[in-house]
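Written out below as structure tokens is the structure these notes cover.
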Amino acid sequence: MVSRATSSYIGLIFPLILSAATAVGLLTATAFPMDDHFSYQAFINTLAQGNLDLSISGFHGSDFLATVWHLLFPSAISQIQFNVFCAIILPLVAYAAGRELFRSVSGGAVLAAIIAMSPFYSVVALRGWTGPAYMLLMLGSIALIRWPVLAGIALALAILTKPFAVALLPLLLVLLLREKGRYKTILFLLPAVGLPTLYFALQYLQIGHITIGSHAELTTGNTLQGPKRILLNIGHAFQILFSVHNYYFPDPSKTGAGNLMHTTPVLVFLGFYHLLLPKKEQLLEQRIILALLVGAAVGLALNALLDHMDHFYMQAGILCLVLAAVPLLLKYRVWVPIALATLHFQWLYFYLQYHEIFQLHPYLFFAVPVVADFIFLCVTMSLVARRISKVA
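For the sequence shown, the numbering used here gives the first residue as 2, with consecutive numbering after it.
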């Protein structure tokens, strides 16, 4: 018998290997600062000099952490470097979140593989987008739930990176109830609610309105859409979730390889299927199922209020669906190779879109899927050999 501690250490090897493979792909590429990076970097430079300037466009939640990185490793692209670091450790944080949520090493390993196999979560760091830090903070809030103050800070910074992260609030509150402590819930909510409230209050005092991300022309007063566009967005959301492309609604000519699949319809289907199963067939506690269902709905609904649906804005809602899919993958292993195969398409699409911009290595960039495939084959062969030995 393998002890629980030994099993944990063995399970940790997998996300460590995935992190190493992610590092290979990222560190052999070349950063190319674009669009949003410049406002994020300007905020970091200003904050590092002791000036909190919330007139600089952008949601700057992760930039507070990037400022610490900038102070330790000053650079004109320290914001990109910080997000590259976040991308490299994402599989480890995903593993910790899965271990906490599913109370299983296998659950953590599967979640780590899914996150690692999503380059639109991680490799976008090279252009200066805060996607890796955003995903790390959301997953970190789950992993740190036994330390409610830290979990609350992680969620607050995630919300201040992209407000859609509020979709995780129902799940985190349920996990706190699982810890059986009202006091812990209060400790969690103080930073989770207090820090965003303070941020937006200070911004309003400084500039007289609340900005919407990096879009300086948008404010809370002019960003929301009318009923017709919202209804079209909702329909468009399901088209994105269950197809292989993110059709760019405002300008179809911009629908290139980078707008193709950012997740897999297989995981989306399994997530929805699990959330809608009868109570007796669910593989998670009913209140966790309900929290994930509400979180998915909130995440997608918040995006529907804006100009158009976008995979990058839908990540919090999709994360809730992915979390719901993991238990089905663990129980019905026939879905694992199907999900794994469809996750590969993202690497192809990302490479087609960005291989020239980021000078992606034609072989080393694919280190993560190669490692994931190799480990999957090893595990499959081990299971087959075990079954043969039992029959013999």
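In this text, a Cβ means the ideal position worked out from N, Cα and C, and glycines have one as well. In this text the structure is predicted, and so the values were computed from the model without any measurement.
Cβ neighbour criterion (16 or more within 10 Å) applied to residue 163
Counting the other Cβ atoms within 10 Å of the Cβ of residue 163 gives 16 or more, which makes it buried.
What do you reckon, are the CB atoms on residue 161 and residue 197 nearer than 8 Å?
Closer than 8 Å, so yes.
Limits of the alpha helix (DSSP H) - the one that residue 142 falls within:
Per DSSP, the unbroken alpha helix (DSSP H) holding residue 142 starts and ends at 132 to 144.
Quick one: Cα of residue 311 to Cα of residue 333, how far?
Cα-Cα distance, rounded: 30 Å.
Neighbourhood of residue 3 by C-beta, 7 Å cutoff - its chain only, sequence neighbours within 5 removed
Confidence in residue 3 is poor, its pLDDT being 45 and thus under 50, which makes the residue's placement unreliable; the coordinate value appears in the next sentence. Hits under 7 Å: none found.
Please classify residue 285: does DSSP put it in a helix, a strand, or coil?
Residue 285: coil per DSSP, three-state reduction.
Taking buried to mean at least 16 other C-beta atoms within 10 Å of its own C-beta, is residue 379 buried or exposed?
Counting Cβ neighbours within 10 Å, residue 379 comes out exposed, since fewer than 16 surround it.
Go ahead and label residue 338 buried or exposed: buried means 16 or more other beta carbons lie within 10 angstroms of its beta carbon, across all protein chains shown.
Exposed, because fewer than 16 other Cβ atoms sit within 10 Å of the Cβ of residue 338.
Any contact between the region 230 to 238 and the region 199 to 212? By contact I mean 3 or more CB pairs, one from each, below 8 Å.
Flag = no, the region 230 to 238 and the region 199 to 212 do not touch.
Check the C-beta distance from residue 327 over to residue 103 and give it rounded, since I have them as a contact under 8 Å.
Contact holds; Cβ gap of about 6 Å.
From 54, 308, 368, residue whose alpha carbon lies closest to that of residue 227:
That would be 308, whose Cα lies nearest to the Cα of residue 227.
Taking DSSP as the reference, what is the three-state secondary structure of residue 3?
Because residue 3 carries a pLDDT of 45, less than 50, the predicted location of this residue cannot be relied on, and the following value inherits that uncertainty. Three-state DSSP puts residue 3 in coil, outside helix and strand.
Under the three-state DSSP convention, the category residue 213 falls into
Three-state DSSP puts residue 213 in a strand.
Rounded straight-line distance, which links the Cα of residue 271 to that of residue 24
Taking the straight line joining both Cα atoms gives about 30 Å.
Contact between the region 103 to 116 and the region 15 to 29: three or more CB pairs below 8 Å?
Touching, per the Cβ criterion.
Ignore the nearest five residues each way along the sequence and tell me which others in residue 276's own chain have a CB closer than 8 Å to its CB.
Within the same chain, residue 276 has close Cβ partners 290, 293, 294, 297, 322, 325.
So what does DSSP say about residue 53, is it helix, strand or coil?
Coil, per DSSP.
For residue 26 versus residue 301, is the C-beta distance shorter than 8 Å?
No, these two residues do not count as a Cβ contact at 8 Å.
Assign residue 68 to buried or exposed, taking buried as 16 or more other Cβ atoms, counted over all protein chains shown, within 10 Å of its Cβ.
By the Cβ neighbour-count rule, residue 68 is buried, with 16 or more other Cβ atoms within 10 Å of its own.
Can you tell me whether DSSP reads residue 225 as helix, strand or coil?
Three-state result, residue 225: coil.
Using alpha carbons as the reference points, say which of 65, 100, 37 lies closest to residue 50.
That would be 65, whose Cα lies nearest to the Cα of residue 50.
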